[in-house]
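Residue numbers (our numbering), protein chains in the order written: chain A, 7 to 119; chain B, 135 to 249.
Here's the structure we're looking at; comments come further down.
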Amino acid sequence: AQSVTQLGSHVSVSEGALVLLRCNYSSSVPPYLFWYVQYPNQGLQLLLKYTSAATLVKGINGFEAEFKKSETSFHLTKPSAHMSDAAEYFCAVSDESWGKFQFGAGTQVVVTP
Amino acid sequence: EPEVTQTPSHQVTQMGQEVILRCVPISNHLYFYWYRQILGQKVEFLVSFYNNEISEKSEIFDDQFSVERPDGSNFTLKIRSTKLEDSAMYFCASRAPGGTNYGYTFGSGTRLTVV
């Protein structure tokens with residue numbers, strides 16, 4: 007069975023400050039890990055994915071995430087927040103066989119001027 | 135870039151009515167999925183579909199729900215007799231063969247409101 011836990015349902019950051027969103031996973035097989043962003047009233051947009059290649063994964067919009075097996079973590083970071091980063095962010099885990107995703111509860115990011 | 139298309143974007147229906155949510159997956163994809171997101175909650179897996187049959191379904195996907203691929207391009211989710219608690223955003227997704235390495239694309243969703 008797989009699951010993800012996102013620490014913090016709401017995160018507030020100042021424009022220009024570091025964005026750090028935490029995700030820990032549980033998986034009985036080597037996981038595939040994903041971060042998705044959801045803007046208000048829109049669908050799910052893939053930010054980045056880890057599929058057992060490089061442990062540091064770069065995504066769109068300046069985001070990156072690092073897979074740490076020892077910590078079972080896949081935290082998402084962005085060095086400098088923009089107002090346009092205000093959205094909800096979901097971490098998700100999948101195994102290879104089915105591709106079914108288990109999503110975390112999401113983290114709402116608010117960016118203040 | 136290829137997209138998964140969902141229609142309608144928003145549907146309002148009366149409790150007890152049947153609804154059909156439609157999805158057009160990416161043309162060379164073979165695996166299809168439905169997820170739902172109740173307002174303020176996380177996205178939940180409903181069902182996966184491959185080779186014209188259900189591969190896996192969650193406990194949410196009870197007898198009120200059904201899926202089919204009627205014409206080789208559309209992928210539909212039917213809710214037979216809607217309940218208030220079925221109000222949610224429903225996402226369709228599709229992926230190419232070969233595992234999640236090969237891309238997994240979500241549609242923009244259908245917001246279903248049951249009144």
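In this text, a Cβ means the ideal position worked out from N, Cα and C, and glycines have one as well.
Check whether the Cβ atoms of glutamate 21 (chain A) and proline 119 (chain A) sit closer than 7 Å, and answer yes or no.
yes
What's the gap between the Cα of asparagine 186 (chain B) and the Cα of aspartate 197 (chain B)?
18 Å
Methionine 89 (chain A), DSSP secondary structure in three states:
helix
Does the region 156-166 of chain B come close enough to the region 73-88 of chain A that 3 or more CB-CB pairs lie under 8 Å?
no
Members of the region 166-180 of chain B near chain A, C-beta cut-off 8 Å
Tyr167, Tyr169, Gln175, Lys176, Val177, Glu178 and Phe179
Can you pull the chain B residues whose beta carbon is under 7 Å from the beta carbon of alanine 111 (chain A), in chain order?
Lys176
Thinking just about the alpha-carbon of each residue, which of B:Asp220, B:Asp205 and B:Leu164 is nearest to the one in serine 228 (chain B)?
B:Leu164
Quick one: grab the DSSP three-state call for isoleucine 66 (chain A).
helix
Cutting at 8 Å between CB atoms, please list the residues of its own chain near alanine 98 (chain A), excluding the five before and the five after it.
Val10, Leu39, Phe40, Trp41, Tyr42, Phe107, Gln108, Phe109 and Gly110
Quick one: Cα of leucine 211 (chain B) to Cα of glutamate 137 (chain B), how far?
18 Å
Under 7 Å between C-beta atoms, does arginine 229 (chain B) make it to chain A?
yes
Contact list for glycine 49 (chain A) against chain B, beta-carbon separation under 9 Å
Val138, Gln140, Met223, Phe225, Phe240, Gly241, Ser242 and Gly243
Please list the partners that phenylalanine 107 (chain A) has in chain B, where partner means a Cβ-to-Cβ separation under 9 Å.
Tyr167, Tyr169, Val177, Phe179, Ala227, Thr234 and Tyr238
Return no unless some Cβ of chain A is closer than 7 Å to the Cβ of serine 182 (chain B).
yes
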